[in-house]
Every structure is written in C-alpha cells, then in structure tokens.
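So the sequence shown is residues -24 to -1, 1 to 318, counted in mature numbering (1 follows the signal peptide of the UniProt record, and there is no 0). By construction, the Cβ of each residue, glycine as well, lies at the ideal position given by its N, Cα and C atoms. Since the structure is predicted, the reported quantities are computational estimates derived from the model, not experimental observations. The block underneath contains the structure these notes are about, expressed in structure tokens.
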Amino acid sequence: MTAKRSRVGAAALGAALLPAAALAEGTLTISVYSFAQDEFQEIVYDPFMEICDCEIVVETGNSVERLAKIEANKDAPVIDMAVLSTHDALGAARKGLLAPIDVTSLKNHDKLYDIAKDPLGDNLGVGYTFYATSIVYRSDKVTVESWADLLSPELAGNVALPDVTTNQGPPALYMIGEAMGDADYSLSAPIEEVAAHADDIVTFYVRSSQLAQLMQQEEIWAAPVGRFAWASFKDNGLSMAWATPTEGQTGGMNVMVMTANNGNEDLATRFMDFWLSTEVQTKLAEALVDSPANAEVVVSDEIADNLTYGAETVASLKLLPPDVILDQRETWLDQWNSKVMK
C-alpha cells in the first residue's frame, strides 16, 4: 500500500464507507480513547505506518460505546486491538471478546514494570500506562499525611471526595479503609465512615475539572485526584502539594487488548510492540500524554513531576484488582446510595 494514512473519527465513518476488501490487507483498525489524538497521530500512528507500510483506522469514543461495538461484532470483528481500563478489559474477556496476546512476540514486554506485564492474567492484556491517585491539598492551610486526614476536623467543610461511580471513587474509599485498618474489598467500613462525615464534604465530584474550579475559588482545600490532573492544580497560583500518604497511593491502569478472531493478529501485535517501545513511551511521556509503563523511560524532573513515574512510585501503587471492581461495583453503588446519598 503506497498511500498511508490514519482516519480518525467518533465512528470511523470513512471505514464504514469502504468495502471490506479495501480494509482487509495492510489495514489495522484500533479503538482508543478520544483524548490527545493529535499527539498520538504524530508520535504513534504516523511513525508506525511508515514502518509497516500499512494504514491505521482509528475509532474513538467512550468506553461504553467502544465495548458495545466490539461485542456487537463479536462474530465478525471490525476492531483489531483496543485500549481499555483493566476492569473494562476484564469484562470484555469474560464475554469471550478478547484473545491472549503473544507476549513472546513483544520484544519490549520485558522492559515493562512488573504490574503492567500481565494485569488481567492469561496474557489477555498488556499495561501501557497507569496513573497514581493521591490527595492534592493546600499546603498553606493543612498538612495531609494519611488518607484518614480527608475526614479530619481540620478539613471539615473544605474537602471534596470522588463519587463512587467515578474511576477515582472506589480506590479512594479503599485507601480510606486502609487508613482505618480495614482493607476489605466490600468497602463497607469506609463507606460508613464517609456517610458519618457526609455533612463535612463540600461535594462528591464526578469530574476533576470541578475540583480545579473549587480549589481556585478556595471552596476546598483537599481532594483525592488522579495524577493526570495534577498540572491543573500545581500552577493555579495557590500553595499546592501532592500528598504521599503513609498508606501509599492508589490509581488505575489502562491496557492494550487483542480482539478475538480478528484475523489481523500479527499486525496488531507489531503495533502494540511499537507503542511499548522505549522511544515511543518516552515521547508520549515528554508530551505529557501518558505515564510510561516501560521502565527504561527516562525523563527530566520537570516532566516527571506531571506523571506517575519511576520505580519507587510504581511500587507504592495499591491498585484495586480488576475482578474486584467488576464483581463489587453494584454492591458499592447500593451501599453508597443507601448510606451516603440518602
């Protein structure tokens, strides 16, 4: 194929208009998150197309939409590989939508941090990025040394917590439980504790952008947040700090997955390997797109300050297992609605 390009769209309209034969040979169709697509085009898609002499069709959308499309086309896959959260990926695997990745063909697999090598089990996914979740706070107002400090008298009326339906919610509750000496995945104890302090919580947020505004308006002094949002706080003109709680940090991970029986496994595997390479992961980190899962990546202190970076940080992450998130989230929501939101 001499004409190499990627087509990006919410539903890859161009792909839908082409006959199947035109997309069958030398074309890789991927399903990804919609953010930072200009950077991914420059750093990942275009360079890979030059190497493989192939075409990449990029489909974007939220996780629900993308998973629904993969499931709807289970018998005749239209997606070759996708990137998902660990729990969404495990949910897809349980429905028989994914195939194991041949990690022996990934020359960059051994370069990954251990937590990224096989986070789902059976090589059904490979971690390509992760993020820490900790507590951002006003260092001129309070000192935060423990997750328990979120419910302390010093922060009463000046703290926000994530809603249980968000990606940050259950991990933050789990860490509050850790601080209480209760690490049970039921989250019953921390949910009860949050319920007891509900009147002291300014809001249970659903978007980190809400927090940035509340912090700027000085309505809150502290809140759990993903590291990817740290840049919007640290340069807001206030005295801001990122906590390193005694119980550790939590967070999340995104993985690459292979759809089952897509017929394009070799090209998809080559693309995954390219994405996991030290060069590509370094460029994505320097562009502040993704925190690197490749342990060989080295970036400046200034760049590292905006990322979840380095062996020590990675070792401190206490990630909720994806099967726990899948199996417990309805119970968590029921408890939350009955105890906290009553």
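For Phe24, DSSP records no beta bridge to any residue.
By the criterion of at least three beta-carbon pairs nearer than 8 Å, the region 108 to 120 is in contact with the region 190 to 207.
Under the Cβ criterion (8 Å, minimum of three pairs), the region 239 to 254 counts as touching the region 45 to 60. Beta bridge pairing from DSSP links Thr179 with Ala136. Distance check between Tyr107 and each of Ser162, Ala155 and Thr226 places Thr226 closest, using alpha-carbon atoms only. When DSSP reads this structure, Trp218 sits in a beta bridge with Val112. At a Cβ-Cβ threshold of 8 Å, Gly153 and Pro138 do not count as neighbours. Around the beta carbon of Phe24, 16 or more other beta carbons sit within 10 angstroms, so the residue counts as buried.
Under a 10 Å Cβ-count criterion, Arg70 is classified as exposed, with fewer than 16 other Cβ atoms of the shown protein chains found around its own Cβ.
In this structure Thr284 is in contact with Arg203, their Cβ atoms being roughly 5 Å apart against a cut-off of 8 Å. In the structure shown, Asn270 falls within a strand segment according to DSSP collapsed to helix, strand and coil.
DSSP links Thr226 through a beta bridge to Thr109. The region 12 to 27 makes no contact with the region 38 to 52; the number of CB pairs closer than 8 Å stays below 3. In the structure shown, Leu4 adopts extended strand secondary structure according to DSSP, grouped into three states. Going by C-alpha positions, Glu272 is about 20 Å away from Gly101.
Taking every protein chain shown into account, the CB of Glu26 has fewer than 16 other CB atoms within 10 angstroms, so this residue is exposed.
Out of Leu214, Val316 and Trp206, the CA that lies nearest to the CA of Asn282 is found in Trp206. By the Cβ neighbour-count rule, Thr222 is exposed, with fewer than 16 other Cβ atoms within 10 Å of its own. By the neighbour-count criterion, in which 16 or more other beta carbons inside 10 Å mark a residue as buried, Ala92 falls on the buried side. Given a length threshold of 3 residues, each whole run of the beta strand (DSSP E) inside the region 15 to 66 is given here in chain order: 31 to 36 and 57 to 61. A Cβ-Cβ distance of about 11 Å is found for the pair Val178 and Glu194, leaving them out of contact under the 8 Å criterion. According to DSSP, Pro200 shares a beta bridge with Ile111. Using a Cβ distance threshold of 8 Å, Asn237 and Ala75 count as a contacting pair.
Around the CB of Asp64, 16 or more other CB atoms lie within 10 Å, so the residue is classed as buried.
Rounded to the nearest whole angstrom, the C-alpha separation of Gly72 and Val8 is 20 Å.
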